[in-house]
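Notes follow the structure.
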Amino acid sequence: MSLPGTPLQQEVAISAIKVVVLFGILMSVFSGMTYVERRLLAFMQFRLGPNRTGPFGLLQPVADGI
């Protein structure tokens with residue numbers, strides 16, 4: 107069983123899929139790092155941190171993006 111398209115098209119499609127997957131992973135990591143940073147700073151300053159957007163502040167990275 108072979109993939110449809112020319113070898114060049116196959117290579118471009120595979121590269122595009124890799125870029126999209128890598129972008130998704132990086133965006134997930136960065137939003138998680140933002141959440142952890144905010145919670146850690148809130149802990150050091152003895153305050154609750156970002157807890158106004160969703161349960162436990164999990165929607166804070168989305169609110170930051172808006």
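Every position in the sequence shown, counted from 1, becomes a number in my numbering once 106 is added.
All residues carry an ideal CB built from backbone N, CA and C; glycine is no exception.
Through-space distance from residue 130 to residue 115, alpha-carbon basis: Here residue 115 corresponds to residue number 9 of the sequence shown, with the count starting at 1. Here residue 130 corresponds to residue number 24 of the sequence shown, with the count starting at 1. Rounded to the nearest angstrom, the two C-alpha atoms are 23 Å apart.
Unbroken alpha helix (DSSP H) run spanning residue 167, endpoints: By one-based count along the sequence shown, residue 167 stands at place 61. Its alpha helix (DSSP H) spans residues 166-171.
Stretch-stretch touch, CB-based, cutoff 8 Å, three pairs: the region 132-145 with the region 165-172: yes
Beta carbon of residue 141 nearer than 8 Å to that of residue 111: On the sequence shown, residue 141 is found 35 positions in, with the first residue counted as 1. On the sequence shown, residue 111 is found 5 positions in, with the first residue counted as 1. In this structure, residue 111 does not lie closer than 8 Å to residue 141 by Cβ.
Distance between residue 138 and residue 160 (C-alpha atoms, nearest Å): Taking the sequence shown and counting its residues from 1, one reaches residue 160 at position 54. Taking the sequence shown and counting its residues from 1, one reaches residue 138 at position 32. One C-alpha to the other measures close to 15 Å.
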